[in-house]
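For the sequence shown, the positions run 145 to 441 when our numbering is used. Even for Gly, the Cβ is constructed at its ideal location relative to N, Cα and C. Source: prediction; values computed, not measured. In what follows, a structure is listed as structure tokens, so that the remarks can point back to it.
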Amino acid sequence: MLHHGGGCPVIWDEPLWGTLTVGDLVVMLITVLIVLVAMRALSSYLRRILVGKISGDTLNIFLKSLNIGTLFFVLIVVLPPQLDLDLSGLLVAGGLAGIVIGFASQSVVSNFLSGMLLIVEHPIKMGDEVAIGTMTGYVEDIHIMSTHLRTYDGVFVRVPNQVVFQSSISNYVANAARRIQFTLGIRYQDDAARVIAMMIAIAERHPFVLREPEPQAFVSGLADSQVELTIRAWAPSPRWERTRNELLLELKQGLEAGGIEFPFPQREVHLAPGPGGHSGLSPIGQTAGRDHDARDE
145 MLHHGGGCPV IWDEPLWGTL TVGDLVVMLI TVLIVLVAMR ALSSYLRRIL
195 VGKISGDTLN IFLKSLNIGT LFFVLIVVLP PQLDLDLSGL LVAGGLAGIV
245 IGFASQSVVS NFLSGMLLIV EHPIKMGDEV AIGTMTGYVE DIHIMSTHLR
295 TYDGVFVRVP NQVVFQSSIS NYVANAARRI QFTLGIRYQD DAARVIAMMI
345 AIAERHPFVL REPEPQAFVS GLADSQVELT IRAWAPSPRW ERTRNELLLE
395 LKQGLEAGGI EFPFPQREVH LAPGPGGHSG LSPIGQTAGR DHDARDE
């Protein structure tokens, strides 16, 4: 028995449960208090650096999960060995249940860890237009366990974070600008240099086509029935699809107004003369005529 300065006894070695004493309990309480204060400071710091990158609900879930996980780790893994606490009986009693739960929660833990890694790495954020594997759409929300997408036709898709983390991600709005490219065909008798100048002028007149990098157009191929011209221009990522559709229509209308025709596939067929100087075609029409006369008789 130890005595405090005021004469009040403090029974540090009095056992409470198994090898757990009053002193151990006090140490645990003080440790938990320190951990809670430290986690509160860490949560405030993480909230400042993550605000705006993920939704408020997702951030709250992440911070709450982090606090609970850290406290559980300290109480179960760190403190017992330091205080010489014997938890073997508790571990044996819950061993079988732990194995069953472990197998059942394997995917849950994987999704949880993947969600935290996605939050830290943040390759996508809410509102982004993305392709995750074979799925494309807009990011509606990012949770600890899953990511929600809205496809182009308005379908809600819940993607487990494990799938998101392990898949190839294409973020169409991560960069400030995206390139637009078209390949058009003109007739061989048209002036390709003049058409190229017209295409560049049409692109430069569009309000959302960037001046830097400037639009480019060039001859990209000589096909069987047309000269292929390719034009490249850059547009802001949020306006890319609309600018692409508008520019294609303006190119068609502008070139047609300038007297440029878009050719369709054509093929010339030359018939070699057959025996007696006749063409190689069988006289189907004459034969059909004779058959018709024979039936009339």
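| request: Can you grab the Cα-Cα spacing for the pair Val-371 / Pro-417, in whole Å? | output: 33 Å
| task | For the alpha helix (DSSP H) containing Met-279, list its first residue and its last residue. | result | Counting along the chain, Met-279 falls outside any alpha helix (DSSP H), though it belongs to the beta strand (DSSP E) covering 279-286.
| request: Return the first residue and the last residue of the beta strand (DSSP E) that Val-195 is part of. | output: Where Val-195 is concerned, there is no enclosing beta strand (DSSP E), given that its DSSP letter is neither H nor E.
| said: Quick check: the Cα distance between Val-363 and Ala-341, rounded to an integer number of angstroms? | reply: So the alpha carbons of these two residues sit roughly 12 Å apart.
| query | When DSSP builds the beta bridges, which residues end up paired with Glu-273? | reply | Paired residue(s): Tyr-282.
| query | For Gly-151, is the classification buried or exposed, using 16 other Cβ atoms within 10 angstroms of its Cβ as the cut-off for buried? | reply | With a pLDDT of only 47 at Gly-151, under the threshold of 50, the placement of this residue in the model should not be trusted; the figure read from the coordinates follows. Exposed, since its Cβ has fewer than 16 Cβ neighbours within 10 Å.
| said: Distance check for Val-176 and Asn-319, CA to CA, integer angstroms please. | reply: 45 Å
| Cβ-based neighbour list, Arg-331, same chain, cut-off 7 Å, excluding 5 preceding and 5 following | Gln-370, Glu-405 and Pro-407
| By the 10 Å Cβ neighbour count, where 16 or more other Cβ atoms means buried, how is Ile-178 classified, buried or exposed? | exposed
| For Gln-325, which beta-bridge partners are listed by DSSP? | According to DSSP, Gln-325 bridges with Arg-376.
| said: For Ser-312, which residues in the same chain have their Cβ closer than 7 Å to its Cβ, ignoring the five residues on either side in sequence? | reply: Gly-277
| field | Cβ distance (whole Å) where Gly-298 is taken to contact Val-283 below 8 Å | value | In fact, because the Cβ distance is near 15 Å, the residues do not count as touching under 8 Å.
| task | Leaving aside the five residues before and after Gln-397 along the sequence, list all residues of the same chain whose C-beta is less than 7 Å from its C-beta, in chain order. | result | The answer is none, since no qualifying residue turns up.
| query | Around the C-beta of Val-353, are 16 or more other C-beta atoms found within 10 angstroms, so that it is buried, or is it exposed? | reply | Using a 10 angstroms sphere on the CB of Val-353, the tally of other CB atoms reaches 16 or more, which defines it as buried.
| said: Comparing C-alpha positions only, which one of Leu-328, Leu-186 and Arg-302 sits nearest to Met-289? | reply: Arg-302
| message | Given a cut-off of 8 Å on the beta-carbon distance, is the pair Leu-366 and Val-308 in contact? | response | no
| said: If I follow the unbroken beta strand (DSSP E) through Leu-293, where does it start and stop? | reply: Residues 290-294.
| Simplified DSSP state of Asn-255, which is helix, strand or coil | helix
| field | Sequence ranges, alpha helix (DSSP H) only - wholly within the region 325-400, length at least 4 | value | Complete alpha helix (DSSP H) runs here, min 4: 336-349.
| said: My output table needs one value for Ser-187: the three-state DSSP class, helix, strand or coil. | reply: helix
| field | Sub-8 Å separation of His-350 and Glu-400 beta-carbons | value | no
| request: Take Thr-214 and list the residues in its own chain whose beta-carbon comes closer than 7 Å to its own, dropping the five residues that flank it on each side. | output: If you ignore the 5 residues before and after Thr-214, its C-beta comes within less than 7 Å of the C-beta of Val-179 and Met-183, all in its own chain and listed in chain order.
| If we call anything under 8 Å between Cβ atoms a contact, is Ala-347 one with Ala-377? | yes
| query | Since Phe-217 sits in a beta bridge, which residues does DSSP pair it with? | reply | For Phe-217, which the question treats as bridged, DSSP gives no partner whatsoever.
| query | By DSSP, does Asn-319 sit in helix, in strand, or in coil? | reply | Correct three-state label for Asn-319: coil.
| task | Look at the Cβ atom of Gly-281, then the Cβ atom of Thr-291, and state whether they are nearer than 8 Å. | result | For Gly-281 and Thr-291, no; Cβs fall outside 8 Å.
| said: Going by the DSSP bridge assignment, what does Pro-304 pair with across the sheet? | reply: Paired residues: Ser-290.
| With C-beta atoms as the reference, is Met-260 less than 8 Å away from Phe-206? | yes
| request: Under 8 Å by Cβ, that's how I've got Leu-392 and Met-343 pegged, so tell me the actual separation to the nearest angstrom. | output: Between Met-343 and Leu-392 the Cβ distance is about 11 Å, and since that is not below 8 Å, they are no contact.
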